[in-house]
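Scroll down for the structure; my scribbles are underneath it.
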Amino acid sequence: MAGLRMSRWLSFAGQFRLAVLTILVVGMLIIGSWVGQEIEASVVRHTAAVTALYVDSIVTPQLQSLLRQPLLVQSDSAALDRLLVRTSLGQRIVAFKVWVPEGTVLYSPDRALIGRSFDIGDRLTRALNGEVVAGFSDLRAPENEYERERWSRLLEVYVPIRDEGGGRVFAVAEFYQLPDALDREVAAARLRSWVVVVAATGIMYALLSGLVGSANGTIAGQQAALRQQVVELSQLLEQNQHLHERVRRAGESTTTLNERALLRISADLHDGPAQDLALALLRLDQLEERCATGDLVGDDFAAVREAMYEALAEIRAISTGLRLPELTRVSLAEVVERAVRDHERRGNPPIEVEVAGLPAQAPVPVKIAVFRTLQEALANASRHGGGLDVRARIWAEAEGLCLQVSDRGPGFVPEGISTAEHLGLAGMRERAELLGGSFQVESAPGQGTTVRAAWPLTRSRAA
Numbered sequence: 020m021a022g023l024r025m026s027r028w029l030s031f032a033g034q035f036r037l038a039v040l041t042i043l044v045v046g047m048l049i050i051g052s053w054v055g056q057e058i059e060a061s062v063v064r065h066t067a068a069v070t071a072l073y074v075d076s077i078v079t080p081q082l083q084s085l086l087r088q089p090l091l092v093q094s095d096s097a098a099l100d101r102l103l104v105r106t107s108l109g110q111r112i113v114a115f116k117v118w119v120p121e122g123t124v125l126y127s128p129d130r131a132l133i134g135r136s137f138d139i140g141d142r143l144t145r146a147l148n149g150e151v152v153a154g155f156s157d158l159r160a161p162e163n164e165y166e167r168e169r170w171s172r173l174l175e176v177y178v179p180i181r182d183e184g185g186g187r188v189f190a191v192a193e194f195y196q197l198p199d200a201l202d203r204e205v206a207a208a209r210l211r212s213w214v215v216v217v218a219a220t221g222i223m224y225a226l227l228s229g230l231v232g233s234a235n236g237t238i239a240g241q242q243a244a245l246r247q248q249v250v251e252l253s254q255l256l257e258q259n260q261h262l263h264e265r266v267r268r269a270g271e272s273t274t275t276l277n278e279r280a281l282l283r284i285s286a287d288l289h290d291g292p293a294q295d296l297a298l299a300l301l302r303l304d305q306l307e308e309r310c311a312t313g314d315l316v317g318d319d320f321a322a323v324r325e326a327m328y329e330a331l332a333e334i335r336a337i338s339t340g341l342r343l344p345e346l347t348r349v350s351l352a353e354v355v356e357r358a359v360r361d362h363e364r365r366g367n368p369p370i371e372v373e374v375a376g377l378p379a380q381a382p383v384p385v386k387i388a389v390f391r392t393l394q395e396a397l398a399n400a401s402r403h404g405g406g407l408d409v410r411a412r413i414w415a416e417a418e419g420l421c422l423q424v425s426d427r428g429p430g431f432v433p434e435g436i437s438t439a440e441h442l443g444l445a446g447m448r449e450r451a452e453l454l455g456g457s458f459q460v461e462s463a464p465g466q467g468t469t470v471r472a473a474w475p476l477t478r479s480r481a482a
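Position in the sequence shown counted from 1, then plus 19, gives you our numbering.
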């Protein structure tokens, strides 16, 4: 949990630097402590080696008499006493003992210890085995009564005493030195080692921080680019989902509109040509009966002919409205001209048309949408608006193509109409939105009607 909270307010570089700093500090402490211990051990070993040389050259000859007798004679003890005051070794030694393998003290500045036996400790055992042993002592051992009264801590050095002939260890000399000079030497060496370790750690941290800082810049840039790509992909996904939903709704609406359009065509055929043809068939039946009786049938033939002509005209009018002219090779201006010309051929009054800044060509779906929308809008203006002051305007903008058809008819309330009653408005809206455009109707009772549609030419071309 703490790691999660830390990752929220620390960057990758910050987390790496913190981890590296922790590792380096822990490593520095471990290495520094180990080096300090090694330095102390090395200084102690060096001191023990120097002491052993003095013992071999000065003390060992004075103790050779122990090979012939169990105790030191008075002259040997006096000679050892002089070692503590008249030699360079004595200047550094504050106490001195001689042990025999049985654990008995044969010599000590404290005469009360001479002849006493004590438990043989580890250091003494190692020295009896021929090893020079050194180490700091807190003077708590029973044999350190004399030293404990005067000092709290001393350096002990155990040096084996060998016979000059065979090298056998027959005694051990134990020396006690003040640790002050040794402590200063160890402290100075430790300080130098810590300076080196800290400096090396700082250099490593600086190099690693610089490296990760450089890498972090690259990683941060890549992360920012990835986040931007994720945002863009999310936006595209949202747009695709929105477009998919629009296409789905448009498909459902188109299916419904097609069914309603077919119903309207069926009603137009039933109420128009079918009625005229039924009338013609009825008159033909009457003509057959009257011809059989020899009656005059001139008026009936005229009625049949008129009914047939009317049915034919209505069928042609319906088929003309369903048929789409060839629009592939014509310009947008010609598409507008054809729609207006077809409208006027149906007996409608002339339309005032304004065309401004249209591109020479446009995608075929846009041409079809413009033709059908203009055709339906003009038909609605004549059918519902009474054909009063009908005007059409089409122009191009940076966003795409715009169409506007207005009249000064009675108007209506757009919110109060249903799709089932006004298939034309629903069809125009679908044609605009399917191509990514928009459709608006502005009308009010007594204020006429204005229809606006727009199509994005660039998106249509891309599609």
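Just so you know, even glycine gets a beta-carbon here, dropped at the ideal spot from N, CA and C.
- Query: DSSP puts Pro-429 in a beta bridge; with which residues?
  - Reply: DSSP, once it has assigned bridges, lists no residue as partnering Pro-429.
- Query: Any idea if Arg-159 is buried or exposed, counting beta-carbon neighbours within 10 angstroms, 16 or more meaning buried?
  - Reply: exposed
- Query: Hey, Thr-170 and Leu-143 are a contact pair by Cβ (cut 8 Å); roughly how many whole angstroms apart?
  - Reply: Correcting the residue type first, residue 170 is Trp in the shown sequence and not Thr. Going by Cβ atoms, the distance from Trp-170 to Leu-143 rounds to 20 Å, so no, they are not a contact pair.
- Is the Cβ-Cβ distance between Ala-415 and Gly-456 less than 9 Å? no
- Excluding sequence positions up to five away, which residues of its chain have a Cβ less than 6 Å from the Cβ of Val-215? none
- Within the same chain, show all residues whose beta-carbon is closer than 8 Å to that of Asp-182, passing over the 5 residues directly before and after it, in chain order. Gln-83, Leu-86, Phe-189
- Quick one: is Ala-71 buried, meaning 16 or more other Cβ sit within 10 Å of its Cβ, or exposed? buried
- So, do the stretch 224 to 242 and the stretch 32 to 48 have three or more beta carbon pairs nearer to each other than 8 Å? yes
- Query: Thinking C-beta only, is Val-176 closer than 9 Å to Val-205?
  - Reply: no
- Length at least 3, wholly inside the stretch 123 to 198: the beta strand (DSSP E) runs in chain order: 124 to 126, 152 to 156, 173 to 181, 188 to 196
- Query: Which residues in the same chain as Glu-165 place their Cβ atom closer than 6 Å to its Cβ, once the five residues preceding and following it in sequence are excluded?
  - Reply: In the sequence as presented, Glu is not what sits at residue 165; that position holds Tyr. Closer than 6 Å at the Cβ level, and outside the excluded window around Tyr-165, lie Asp-129.
- Item | Opening and closing residue of the alpha helix (DSSP H) in which Ser-84 lies | That residue, Ser-84, is in no alpha helix (DSSP H); it is neither H nor E in DSSP.
- Query: Helix, strand or coil for Ala-375 per DSSP?
  - Reply: strand
- Task: Enumerate in chain order the residues of its own chain whose CB-to-CB distance from Ala-32 is below 7 Å, with the five nearest sequence positions on each side excluded.
- Result: Val-231, Gly-232, Asn-235
- Query: Hey, is the stretch 360 to 376 in contact with the stretch 444 to 455, meaning 3+ C-beta pairs nearer than 8 Å?
  - Reply: no
- Message: Tell me the DSSP secondary structure of Val-119 in three-state form.
- Response: coil
- Message: For Val-469 and Ala-400, what's the separation of their Cα atoms in angstroms?
- Response: Going by the sequence as given, residue 469 is Thr instead of Val. Cα-Cα distance, rounded: 9 Å.
- Query: With distances taken between CB atoms, is the gap from Ala-358 to Val-385 smaller than 9 Å?
  - Reply: no
- Message: Between which two residues does the alpha helix (DSSP H) holding Ala-398 run?
- Response: 383 to 402
- Query: What is the residue span of the beta strand (DSSP E) that Ala-472 lies within?
  - Reply: 468 to 474
- Task: Just mark His-263 as buried or exposed, buried being the case when its beta carbon has 16 or more other beta carbons within 10 Å.
- Result: exposed
- Alpha carbon to alpha carbon, how far is Val-355 from Arg-471? Give it in angstroms, no decimals. 15 Å
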